[in-house]
Amino acid sequence: MSPRRDTTTSAAAGTRGQRLRRRWALPMAAIAVVVVIGVLTWSSAGDGRSGPPAPSAPGWTLGETPGESSASPEPETAPPSSPDDEPTVVETSPSEPVEPSPGDEGDEETPGGPLRIPEPQRGPIGDRTTERPRVTQAVGSVIDAMDQIGQRGDGTAIGADLVATGFVLGEMEAFAQEQRDLGYRQVGRARIVSVEVVRSDLKADPPTMTVKVCVDVSEVDVLDASGRSLGTALHNPGHPVAHLYGAVFSDGVWKVATHDIPDVQDCASTEDEKER
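Everything in the sequence shown is counted per the working numbering, starting at 640 for the first residue and increasing by one.
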């Protein structure tokens with residue numbers, strides 16, 4: 640007689656098999672989802688590494704579009720004590736282009752050492768007529784120093800505190816660090832097209848003056864660590880860019896403290912300036 644099949648045992652085994660399959664179905668599905676997500680994440684990360692980061696340099700002129708500046712507020716002025724003390728808006732005609740100081744010609748900079756900044760004009764505070772050239776010199780020195788920092792690319796901004804303080808000094812030091820970290824180097828120089836005093840309060844404590852500066856950056860380029868031009872990634876609107884610089888008078892000298900790029904960009908093009 641053949642042995643009888645134990646149907647009870649077979650049914651129990653089948654039930655356990657179904658339970659095991661159900662028990663492992665959810666973990667296996669979760670593992671599959673994780674693997675898919677990991678592959679997609681790796682693929683996205685790989686796409687993001689396809690090229691060098693877009694430069695924000697030359698930081699003071701090409702890296703920001705109007706309205707995106709993170710400059711600190713303009714220096715606070717003391718409340719006027721009499722009608723004569725009220726801040727005045729001085730409209731002036733555009734000045735002649737400010738050329739680099741003697742000895743500053745050329746596009747190459749030697750790394751290391753202090754920046755080549757002319758000694759600021761020292762003396763007691765005067766009126767708007769006498770102070771405008773002093774403020775113009777300070778702003779011109781800051782812009783020229785930014786060119787030097789960009790061309791050196793060594794991470795230093797030694798001597799910038801001669802003409803800069805507060806936000807602008809920090810901006811110059813941060814730009815120097817960025818150039819070194821990214822391996823970028825600037826070629827060419829910016830050119831100041833015009834300087835216009837838009838606000839002044841020489842009776843405040845400290846005295847302040849704000850100037851609008853139109854800067855032509857058409858001859859400026861940035862090279863990456865391999866020497867490749869990054870010009871196509873830079874913000875260059877095709878005309879001089881307007882900058883607002885705020886200067887404060889302290890210890891007999893003017894220092895540039897604030898920097899902003901206004902929304903309204905009304906600097907005349909270089910060709911328009913030539914026709915005047």
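The beta carbon of each residue, even a glycine, is placed where N, CA and C say it ideally should be.
Compute the Euclidean distance between the alpha carbons of residue i and residue j, then round it to the nearest angstrom.
i    : j    : result
V887 : L808 : 13 Å
N875 : L869 : 12 Å
Q818 : R791 : 9 Å
R824 : G866 : 9 Å
A881 : D899 : 9 Å
D820 : G794 : 8 Å
D724 : L883 : Bear in mind that a pLDDT of 43 at D724, under 50, signals an unreliable position, so the number given afterwards is only what the model happens to contain. Computed Cα separation, rounded: 23 Å.
D905 : F814 : 26 Å
Q760 : A864 : 38 Å
R838 : R773 : 15 Å
T871 : V895 : 30 Å
E812 : W893 : 19 Å
P712 : V903 : The pLDDT assigned to P712 is 41, lower than 50, so where the model puts this residue is not dependable, and the model offers no usable value.
How should residue i be labelled, buried or exposed, when 16 other C-beta atoms within 10 angstroms of its C-beta is the threshold for buried?
i    : result
A803 : buried
P879 : buried
S833 : buried
A669 : Note that A669 scores a pLDDT of 45, beneath 50, so its modelled location is shaky; the value from the coordinates is reported in the next line. Flag for A669 reads exposed.
D786 : buried
V859 : buried
T847 : buried
E758 : exposed
G751 : exposed
T849 : buried
V856 : buried
DSSP puts residue i in a beta bridge; with which residues?
i    : result
A884 : First, the residue type needs correcting, since residue 884 is Tyr and not Ala in the sequence shown. Answer is V850 and H898.
Q825 : V861
D855 : R830
A803 : V895
Quick one, are the C-beta atoms of residue i and residue j less than 8 Å apart?
i    : j    : result
I764 : L841 : yes
A796 : L754 : yes
G805 : T897 : yes
V854 : V778 : no
G762 : G885 : no
If I measure Cβ to Cβ from residue i and keep anything under 6 Å in the same chain, skipping five residues before and after, which residues do I get?
i    : result
R771 : V836
T602 : This structure cannot settle anything about residue 602, because the visible part of the chain is limited to 640 through 915.
R828 : D786
S889 : P845
Q816 : G794
Might you give, ordered along the chain, the residues of its own chain that have their beta carbon closer than 7 Å to the beta carbon of residue i, omitting 5 neighbours on each side?
i    : result
I756 : S780, A784, G798, L801 and V802
So, is the C-beta of residue i closer than 8 Å to a C-beta in chain B?
i    : result
T804 : Structure shown: chain B not included; a single protein chain is present.
Beta-carbon within less than 8 Å of residue i's beta-carbon, same chain only, minus the 5 sequence neighbours each way: which residues are those?
i    : result
S908 : G877, H878 and P879
V766 : Checking the sequence, you will find Asp at residue 766 rather than Val. These residues qualify, in order along the chain: L841.
V826 : D746, Q790, V859, D860, V861 and L862
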